[in-house]
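Engineer: My questions all concern the structure below.
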Amino acid sequence: MATGDTQKVKGLTGPSLVEEIGRYFKGDLIVKEDMSLHTTLRIGGPADIFAIPKDVLSLKYLLMYLSEKGIPVTIIGGGSNILISDHGIDGVVISSQSLTRVEIIERADTFSRLFVESGTPLQSLLNISKQEGLSGLEGLVGIPGSLGGAVKGNAGSFGIEIGDVIESIAVMDLKGNISITEKEEAKFGYRSSGIPEGFVLSVIIRLKRDDPQEVSKRMSIHLEEKRERQPISLWSAGCVFKNPEGVSAGRLIDEAGCKGMRRGDIEVNEKHANFFINKGRGNASDFIALMDEVKARVFTSFGIELEPEIRILGKGC
Ligand code: EPU
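Counting from 2, one number per residue, gives the positions in the sequence shown under my numbering.
Spelled out as structure tokens, the structure:
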């Protein structure tokens, strides 16, 4: 079912885009949806249309339609590692949030294999691995966001990365064609992957069989450590900058004297300096200005150029 008005999107004449797409599309289509509702930073202006496909066929239809019409497409997962412009995003933003099927497809003596759809919240997957006594994801406890986003950016923590447990990834390209990428071709690196452009549909992961209590214990220890070191309950996008080779960006930002620096309602966190917090009414332009200021200070102090870890999206960015 399509929701929202039937307002026209720039460049489209005739029946509205929502009406046209809605004929073959199962899920939600929302006109002028505020992206701040879909990011952990609570920042971001409106998308012309925000689409939440309910199934893969609807997604395929939508992508084919948009590519044929030349309408821009932006794909988001859990919105936990992105900064979206205050002016919003042109075209259609597609969210994976309704694609959340998880199935254990093989139970062997020493491991299990799982099929996981991309919109599955990473922490739901960790809960399943805890209940089933499956080890390999413990270090990722407390990381927000969806599996698809985590895989694309090879999310990691406490020495493990999601890429470590992936066997293969199914991706739908922007024309609606599906391909399977095996782990070796996915080129997982530090907070990066070479997964083909498009919408990550699902992954096959392989986890080791273990005692559920041991898995749970390790997760609790990591979560406690994370709570001590990171402001995990505040509005943020996680670490803003990548760690330069061999050194923590957080430590550099801290030692350059940036903790507590503020632009509008965006603040460099006192607990971990690589987290910038939205204190309430923060916006993207202040966030970017603070990034620039912090970058400049770190460069002046250490001669090191920090690179963003977060993805910056939308008009004028
Ligand atoms: N440190 C400071 N001041 C700070 C922050 C850190 O002095 O404000 C020092 C710490 O005391 C420690 C060292 O820097 O000695 C490293 O800090 P930490 O263990 O917190 O790790 P990190 O390198 O800053 C990385 C990841 C985190 C991940 C943690 C834990 C990046 C950019 N960050 O942080 O990932 O959770 O390790 O494994 O790779 C993320 O990617 O969003 C993220 C939060």
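Beta carbons are placed, not taken as given, at the ideal position from N, Cα and C, and that holds for glycine.
Owing to the predicted nature of the structure, the values given are computational and were not obtained by experimental measurement.
With distances taken from CA atoms, which of GLU226, PHE303, ASP211, GLY150 is nearest VAL248?
Structural biologist: On the sequence shown, position 247 is the one that residue 248 refers to. Checking every option, the nearest Cα to that of VAL248 belongs to PHE303.
Engineer: For VAL358, which of helix, strand or coil comes out of DSSP?
Structural biologist: Only positions 2 to 318 of the chain appear in the structure, and residue 358 is not among them; the question remains open.
Engineer: On a Cα-Cα basis, can you pick out the residue from ARG228, VAL57, VAL117 that is closest to VAL103?
Structural biologist: Here residue 103 is taken as the residue at index 102 of the sequence shown, counted from 1. Nearest C-alpha to VAL103: VAL117.
Engineer: Counting C-beta neighbours from all protein chains within 10 Å, is the total for GLU34 16 or more, i.e. buried, or is it exposed?
Structural biologist: Here residue 34 refers to the residue found at position 33 when the sequence shown is read from its first residue. Its Cβ being crowded by 16 or more others within 10 Å, GLU34 is buried.
Engineer: Find the nearest neighbour of GLU241 within the set GLY195, GLU215, ASN270, judged by alpha-carbon distance.
Structural biologist: The sequence position of residue 241 within the sequence shown is 240, counting from 1. Checking the sequence, you will find Val at residue 241 rather than Glu. Checked all of GLY195, GLU215, ASN270; the closest Cα to VAL241 is ASN270.
Engineer: Between ILE105, ILE72, ASN82, which lies nearest to VAL93 when the distance is taken from Cα to Cα?
Structural biologist: Indexing the sequence shown from 1 puts residue 93 at position 92. Nearest option by C-alpha distance: ILE72.
Engineer: Tell me whether LEU307 sits in a helix, a strand or coil according to DSSP, three-state version.
Structural biologist: Indexing the sequence shown from 1 puts residue 307 at position 306. The answer is coil: DSSP assigns LEU307 none of H, G, I, E or B.
Engineer: Would you mind giving the Cβ-Cβ distance between PHE288 and ILE44, rounded to the nearest angstrom? I have them listed as a contact below 8 angstroms.
Structural biologist: By 1-based counting over the sequence shown, the position of residue 288 is 287. By 1-based counting over the sequence shown, the position of residue 44 is 43. That belief holds up - the Cβ atoms of PHE288 and ILE44 are roughly 7 angstroms apart, short of 8 angstroms.
Engineer: In terms of residues, what are the limits of the beta strand (DSSP E) holding LEU202?
Structural biologist: To locate residue 202, count along the sequence shown from 1; it is residue 201. Residues 200-210.
Engineer: Just the C-alpha distance for GLU107 and GLU246, rounded to the nearest angstrom, thanks.
Structural biologist: As a first step, residue 107 is located in the sequence shown; it is residue number 106 there, counting from the start. As a first step, residue 246 is located in the sequence shown; it is residue number 245 there, counting from the start. Roughly 38 angstroms between the two C-alpha positions.
Engineer: According to DSSP, is THR301 part of a helix, a strand, or is it coil?
Structural biologist: Reading the sequence shown from its first residue, position 300 is the one you call residue 301. It is helical.
Engineer: What residue does the beta strand (DSSP E) around GLY28 start on, and which one ends it?
Structural biologist: Your numbering for residue 28 matches position 27 in the sequence shown. Element bounds for GLY28: 28-35.
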